[in-house]
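Protein chains in written order, with my numbering: chain A, 21 to 264; chain B, 50 to 303; chain C, 5 to 647.
A quick write-up on the structure given underneath.
Here is the structure:
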């Protein structure tokens with residue numbers, strides 16, 4: 021096969037010659053491999069969400085606790101930067117893979133059906149609908165992230181006065197109740213819940229995690245995890261807004 | 050048993066050859082017995098078309114008992130029609146009501162180009178099998194059938210996967226036109242059985258590579274294929290394929 | 005009048021005791037040097053169990069193989085529909101089976117009309133088939149401990165049938181198909197799907213190639229080779245309604261016959277007793293319900309003709325369990341031919357049930373009461389499900405309605421011990437040949453024969469032909485090739501030029517009716533004679549009035565069907581002629597004139613102990629009968645009794 025890799029556009033044969041890593045690299049050039057990478061990056065992002073949420077939950081513990089946490093985090097310097105770069109790279113890879121696999125799937129059916137109905141019926145997985153909206157929910161979350169970074173990382177919202185706020189706790193309590201943020205954050209978190217409700221289960225399936233004995237548990241566990249994350253953030257949002 | 054007769058409007062995809070555009074044609078078909086199978090209903094349509102001087106609708110079919118995998122058809126947007134675990138040839142007209150409009154389309158996928166009307170070319174499946182869907186054992190080389198015991202339960206799981214009839218409904222129903230269910234069924238059957246162990250890694254790598262080359266989409270784990278499969282092949286086979294592929298990539302040789 | 009050839013046919017069965025012939029002969033046959041095998045090419049038509057296994061095995065040996073099928077994929081050949089299982093003399097259950105017993109049962113089951121040496125070889129290699137299939141990854145049913153499981157089938161008192169649920173044919177075929185696809189990948193087999201064979205190319209009396217039509221483009225292609233292998237299945241669809249797939253046809257075999265290959269025993273057809281009955285004029289095919297159902301189901305009709313009560317409301321005293329009544333010792337488990345005739349007899353006498361009065365009940369009420377619905381579901385669940393899908397009736401609650409239907413054809417192109425026809429270089433395998441089943445085939449033996457021919461017989465015998473024959477290169481513009489191509493083309497043009505008013509299917513349906521009425525389960529002189537006349541008449545009408553639309557240069561399913569029906573219209577006459585000439589009853593061939601007082605089949609070993617191989621002399625011309633005498637040195641003929 022002299023085909024070019026669908027992701028990096030380097031001849032697959034050349035890639036396979038990298039000593040020791042041939043099979044691994046070759047995998048990344050296939051549809052199956054792309055889904056594996058998609059799963060790994062997705063799960064990594066889930067890992068980030070867990071840490072992010074645990075940090076945010078400190079908001080419930082009050083201003084001092086949260087600010088201490090924020091300061092500690094920011095004092096990590098280079099380590100934090102590295103983590104941020106890694107996170108960005110993971111996010112971009114996840115996005116890139118999504119675009120790439122979607123393009124592949126579009127090519128796989130150039131002519132659409134005049135009529136198309138699901139056969140999964142009323143007993144379909146609750147995530148059945150979600151799987152159809154992965155790219156859109158993902159892009160929605162991506163758009164939200166830009167706002168989120170502008171809001172709270174770079175503190176560049178022109179309509180807000182960051183200078184008057186002292187400490188992370190205060191900043192958060194200023195930003196979230198602003199109408200734009202409140203609406204955007206609420207919508208995004210619901211999108212996140214939807215995205216994860218299919219994403220987590222799908223990632224596990226892509227990694228081959230499946231067993232007739234455990235599949236029901238895996239399914240329910242994935243769903244619980246997805247909505248626990250989304251609801252966790254929503255609680256934080258609600259708490260902050262109600263307290264402001 | 051009294052025979053109930055219904056009248057139908059059929060919207061059938063007509064396409065002269067692979068290169069032409071194709072369009073829907075509507076046909077009124079009256080007095081369809083509800084005891085007919087769906088394909089017998091199309092037979093009746095074709096007889097009427099020929100009698101009125103029009104070319105018959107081309108559709109693939111052969112055994113008409115649900116095992117050869119030749120028949121296809123998207124019926125009202127569903128692969129093999131509305132029933133679960135049923136091929137088009139096993140679908141009966143009692144499933145439809147008087148006055149219904151029935152839309153009939155061919156499988157649509159880049160990997161399954163239309164040959165004519167409702168007939169598509171599924172040669173891609175053959176090429177995927179020839180890429181590695183076998184055990185390399187020449188005639189005459191076999192040890193005694195009982196030389197390697199296989200637990201009854203293991204055999205059952207292999208048989209569940211081996212039951213695939215290769216009709217292509219999984220591709221047709223998948224929103225990504227992915228062939229993963231078909232490929233994973235063969236990979237699974239041979240990965241489960243001891244006879245398939247020797248070529249386990251090479252097999253999954255070659256078959257997936259061929260699958261990609263044929264232009265099928267990627268699997269997004271929606272399970273629509275499983276719902277559409279007349280042989281009820283489970284998506285757990287897809288998970289097994291993913292496992293096999295990971296294993297081959299992590300532990301396989303260059 | 006039947007024209008009889010003066011010389012008998014030579015079956016080339018070597019001398020010796022039946023259990024040593026094959027081993028000795030394998031040594032005596034000439035071999036092709038391994039390095040020379042790639043210089044020989046072989047055409048294999050058909051990709052079922054016989055064709056698929058032959059193509060794979062020949063390619064493995066090193067021959068260059070071209071494989072053809074009319075389906076869109078070789079995996080769809082009709083072998084895939086076989087349900088029950090495959091016999092082998094493994095004797096795993098330790099119940100007294102042996103190669104000799106399988107040989108004995110098969111010869112007896114065939115009503116003493118099969119060639120002993122072939123049957124013995126079949127029994128011998130049956131064990132290798134199981135080993136080969138297991139090694140390919142065929143998921144045969146297993147016991148808890150992991151060893152292969154067996155079940156029982158009709159005509160045998162031992163358990164020797166290996167199976168994969170109710171899909172044994174599918175699994176065996178996929179094994180052969182995969183072995184063949186491996187050779188496609190290795191470049192040793194060239195695969196030509198959606199190709200229909202329309203002519204055989206014979207050069208100086210030797211089969212050297214075929215003309216096929218590419219069914220997608222309509223193009224006619226010439227393919228030449230050093231040998232041609234036909235594995236194109238049976239001709240059951242001459243009856244229009246049968247359990248065969250819609251595409252099954254006699255065309256390839258008939259083309260060979262018209263080029264000189266003899267057609268043997270066409271009147272031996274198997275009518276399977278348990279099929280879902282016809283439900284209307286639109287019916288396109290019949291669905292088999294496995295023979296195994298008769299283990300637990302009881303067959304009956306009402307004692308009073310025209311009893312219109314629902315079956316459940318008919319009390320036992322008003323039911324006629326006619327199989328149990330007539331055959332007390334075998335009861336519902338009499339062989340296929342006997343069960344079929346008994347059902348016909350009851351329906352003819354006016355006791356049939358259902359809308360058409362052409363059905364009998366197969367009732368599981370007693371079995372369900374005895375062992376419970378769950379136990380029945382475990383055993384037959386998939387069959388009950390299939391029945392339910394087709395009829396919308398629940399067989400757990402109401403008895404199944406069943407009726408016999410055409411299922412398998414024992415007759416076929418005549419072959420010698422090498423599986424070569426009288427035309428040198430033309431080999432015929434599987435259901436397409438006539439060889440191993442005599443006048444009646446036992447359940448689970450068709451799969452065995454197809455795979456035996458392809459995996460373990462042809463690879464040896466074809467070498468002998470290639471090693472011992474002068475085979476000069478045949479270029480595509482050889483006069484014989486050109487002539488065959490023109491002949492195929494002329495036929496297509498002729499079909500398209502009729503431009504009549506009747507559809508192909510309507511002719512096929514009429515032919516089927518003639519065949520079923522006169523050459524079905526019971527035949528008689530007057531009926532057969534009338535059939536011959538009716539077929540000739542129908543054939544004439546066909547060529548004057550058939551309507552085939554479209555053209556020959558494109559995908560045209562009407563044209564495909566027309567060609568096949570045209571051949572059935574010629575072949576049907578030969579079937580009737582053969583049935584007319586065979587003035588005896590044996591196996592699937594039942595002549596009403598030749599029965600015992602109790603209505604059982606009566607063979608005439610004195611006059612008809614031979615294979616009837618017919619030579620073609622032209623359409624409408626009488627064929628010439630060549631006889632191959634049969635001898636039974638090891639299984640002495642006896643009258644079959646199931647009382």
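By construction, the Cβ of each residue, glycine as well, lies at the ideal position given by its N, Cα and C atoms.
Which residue marks the beginning of the beta strand (DSSP E) containing residue i, and which one marks its end?
| i | result |
| --- | --- |
| residue 215/C | 210 to 218 |
| residue 366/C | 364 to 367 |
| residue 411/C | 404 to 413 |
| residue 165/B | 163 to 165 |
| residue 203/A | Element bounds for residue 203/A: not the beta strand (DSSP E) but the alpha helix (DSSP H), 199 to 226. |
| residue 278/C | 273 to 279 |
Using three-state DSSP, classify residue i as helix, strand or coil.
| i | result |
| --- | --- |
| residue 91/C | strand |
| residue 266/C | coil |
| residue 79/B | strand |
| residue 123/B | strand |
| residue 150/B | strand |
| residue 644/C | coil |
| residue 246/C | coil |
| residue 56/B | strand |
| residue 133/B | coil |
| residue 593/C | strand |
| residue 614/C | strand |
| residue 236/C | coil |
| residue 245/A | helix |
| residue 99/B | helix |
| residue 282/B | coil |
| residue 172/A | helix |
| residue 110/C | helix |
| residue 67/B | coil |
Here's a check: name, in chain order, each residue in its chain whose Cβ is nearer than 6 Å to the Cβ of residue i, leaving out the five neighbours to either side.
| i | result |
| --- | --- |
| residue 181/C | 56, 78, 79 |
| residue 34/A | none |
| residue 543/C | 573 |
Assign residue i to buried or exposed, taking buried as 16 or more other Cβ atoms, counted over all protein chains shown, within 10 Å of its Cβ.
| i | result |
| --- | --- |
| residue 56/B | exposed |
| residue 265/B | buried |
| residue 221/B | buried |
| residue 472/C | exposed |
| residue 80/B | exposed |
| residue 21/C | exposed |
| residue 588/C | buried |
| residue 101/B | exposed |
| residue 256/B | buried |
| residue 505/C | exposed |
Just to confirm my understanding: we take residue i, look at its own chain, exclude 5 residues before and 5 after, and list those with CB closer than 7 Å. What are they?
| i | result |
| --- | --- |
| residue 149/B | 57 |
| residue 236/C | 49, 50, 256, 257, 436 |
| residue 136/B | 115, 120, 129, 216, 279 |
Could you spell out where the alpha helix (DSSP H) holding residue i opens and where it closes?
| i | result |
| --- | --- |
| residue 47/A | 42 to 48 |
| residue 351/C | 340 to 352 |
Skipping 5 residues on each side, what residues in its chain have a beta carbon closer than 8 Å to that of residue i?
| i | result |
| --- | --- |
| residue 73/B | 60, 61, 62, 63, 152 |
| residue 38/A | 45 |
Go through the region 153 to 226 of chain C residue by residue and report every complete run of the alpha helix (DSSP H) that reaches 4 residues or more, in order. 172 to 189
What residue ranges within the region 423 to 487 of chain C form continuous beta strand (DSSP E) runs of no fewer than 3 residues, ordered along the chain? 430 to 432
Every unbroken alpha helix (DSSP H) inside the region 506 to 583 of chain C [4 residues or more]: 508 to 523, 529 to 549
Relative to chain F, which residues along the region 359 to 393 of chain C have a C-beta separation below 9 Å, given in chain order? Checking the listed chains, one finds no chain F in this structure; the protein chains it contains are A, B and C.
Complete runs of the beta strand (DSSP E) confined to the region 19 to 71 of chain C [at least 3 residues]: 45 to 49
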